[in-house]
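Note sheet for the following structure.
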Amino acid sequence: MAKILILGGTQWLGGTLARQALDGGHAVTCLARGASGAFPEGARSVVADRDAADAYAGVAGERWDLVVELTRFPAHARAAVEALSPAAEHWVFVSSCSVYASHARPGAAESDLLLPALESDAPYSDEKYGEAKVGCEWLTVASRGNAVLLVRPGLIGGPGDPSGRSTYWPLRFAAGRGPVLVPSDTGDQRYVQIVDVRDLAAFILEAGLAGRSGPVNAVGAEMPLGDVLASAASAAGYDGATVPYPLAAMADDGVAPWAGPRSLPLVLPAGEEYAGFARRSDQRAVRWGLVRRPLAATFADIVGHEAALDDGAPRAGLTAAEERELLAKRG
Ligand SMILES: NC(=O)c1ccc[n+]([C@@H]2O[C@H](COP(=O)([O-])OP(=O)(O)OC[C@H]3O[C@@H](n4cnc5c(N)ncnc54)[C@H](OP(=O)(O)O)[C@@H]3O)[C@@H](O)[C@H]2O)c1
Numbered sequence: 001m002a003k004i005l006i007l008g009g010t011q012w013l014g015g016t017l018a019r020q021a022l023d024g025g026h027a028v029t030c031l032a033r034g035a036s037g038a039f040p041e042g043a044r045s046v047v048a049d050r051d052a053a054d055a056y057a058g059v060a061g062e063r064w065d066l067v068v069e070l071t072r073f074p075a076h077a078r079a080a081v082e083a084l085s086p087a088a089e090h091w092v093f094v095s096s097c098s099v100y101a102s103h104a105r106p107g108a109a110e111s112d113l114l115l116p117a118l119e120s121d122a123p124y125s126d127e128k129y130g131e132a133k134v135g136c137e138w139l140t141v142a143s144r145g146n147a148v149l150l151v152r153p154g155l156i157g158g159p160g161d162p163s164g165r166s167t168y169w170p171l172r173f174a175a176g177r178g179p180v181l182v183p184s185d186t187g188d189q190r191y192v193q194i195v196d197v198r199d200l201a202a203f204i205l206e207a208g209l210a211g212r213s214g215p216v217n218a219v220g221a222e223m224p225l226g227d228v229l230a231s232a233a234s235a236a237g238y239d240g241a242t243v244p245y246p247l248a249a250m251a252d253d254g255v256a257p258w259a260g261p262r263s264l265p266l267v268l269p270a271g272e273e274y275a276g277f278a279r280r281s282d283q284r285a286v287r288w289g290l291v292r293r294p295l296a297a298t299f300a301d302i303v304g305h306e307a308a309l310d311d312g313a314p315r316a317g318l319t320a321a322e323e324r325e326l327l328a329k330r331g
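Under UniProt numbering, think of the first position of the sequence shown as 1, with each following residue one higher.
Here it is as structure tokens:
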């Protein structure tokens, strides 16, 4: 049994990690405010605001077999390693593939150039997420040297996805209302790389406890967008009509790529700068033990767990009214 500290744990990945570690017989402590969600049942909860000077007082002076850090704020990353690193055997920083300076080259590995780091005293904004994660990586490495595993996930998917990016298509096909507007990217192929949140959590725990160190792209298997949509339809048992939507019409129709409201989730913007996005090398992760379920299984679980909760207002994508409007335009 290992003693594991999760800096976070009240959100999606952190909660999944905590529950898996508990199921594996480990002793789990989660440190967070409890503002984003509930602390996982069975874990020891330490309520703390990491903006406060004494944030780590409730867990200081204890030895940890593994610390898993989820933050995006360099100031939090720095304060945590300063307070806790000497008593931590292994340390995982959950980073992101957003740290890379370019997404133009398919197959790029962990040695790819990074964005400039956001300083720990610079203000954070979501536009600086990649730079902030680089800052967190640097500060952690500066303190622990090689004794840190930098897990860089690509898009995380699965039941409960708070961004709605991985759930939109299977739930849309499962909704069973009229023909489905589907992206048609003929001639300009786009890709998707979704890692299931449960497979990612298992990898973080296993590789972290094994003392792996250095950066690793924890990404899903690369799949063409068309295959992903077919897989979503099949998981939902959909055999109704689809209407192809030419992606060149998105800008005129005010439809956003990738995520958010009035969007086509998982559809990357056109352009050479995205040619390697969702096509990152997964070789090191697979060598280090990342086991990925088929995307069809992730989609089937999304349909099984979430279709009943679908209230017609997707967390990302098109509402029923927006889809009707676009379908009407296409005759
Ligand atoms: N979703 C994706 O596709 C994707 C892709 C690549 C990488 N990632 C990374 O994967 C991880 C996802 O983690 P997650 O799902 O657990 O969500 P998250 O939103 O990144 O979790 C942040 C955690 O930090 C805690 N926190 C925030 N501010 C705090 C403060 N001032 N004091 C104490 N605690 C604070 C939050 O808890 P409270 O608010 O309750 O305090 C929450 O538990 C993140 O590291 C993210 O950057 C995500």
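Here a beta-carbon is modelled for each residue, glycine too, at the ideal position from N, C-alpha and C.
- Counted as a single uninterrupted DSSP element, the alpha helix (DSSP H) harbouring K329 occupies residues 320-329.
- If the five residues before and after A296 are omitted, its C-beta is found closer than 6 Å to the C-beta atoms of S231, A235, all from its own chain and listed in chain order.
- At a threshold of 7 Å, G254 does not count as near ligand 1, since its beta carbon sits no closer than that to any of the ligand's heavy atoms.
- Put simply, the backbone Cα of R287 is about 12 Å away from that of S281.
- Here the distance from the Cβ of Q11 to the nearest heavy atom of ligand 1 is below 7 Å.
- Counting of Cβ neighbours within 10 angstroms places V291 among the exposed residues, the total staying below 16.
- For S143, there is no enclosing beta strand (DSSP E); the residue is found in the alpha helix (DSSP H) stretching over 129-144.
- According to DSSP, F93 shares a beta bridge with E69, L150.
- Annotation: M250 is outside any beta strand (DSSP E); the continuous alpha helix (DSSP H) that includes it extends over 250-253.
- Ranked by how close their Cα comes to the Cα of G135, the residues A218, R293, E273, V99 have V99 in first place.
- Of the other Cβ atoms in all chains shown, fewer than 16 fall within 10 Å of the Cβ of M1; this residue is therefore exposed.
- Each residue's CA atom was taken as its position, placing E127 and C97 some 15 Å apart.
- Nearest to A27 by alpha-carbon distance, out of G208, A60, K3, is K3.
- In the structure shown, G304 adopts helical secondary structure according to DSSP, grouped into three states.
- For A2, no pairing in a beta bridge is given by DSSP.
- One thing to note: L84 has its Cβ within 8 Å of the Cβ of V67.
- Here G289 carries a coil assignment [DSSP, helix/strand/coil].
- In this structure, the straight-line span from the alpha carbon of E273 to that of A101 is close to 10 Å.
- Annotation for Q193: the continuous beta strand (DSSP E) segment containing it runs 191-196.
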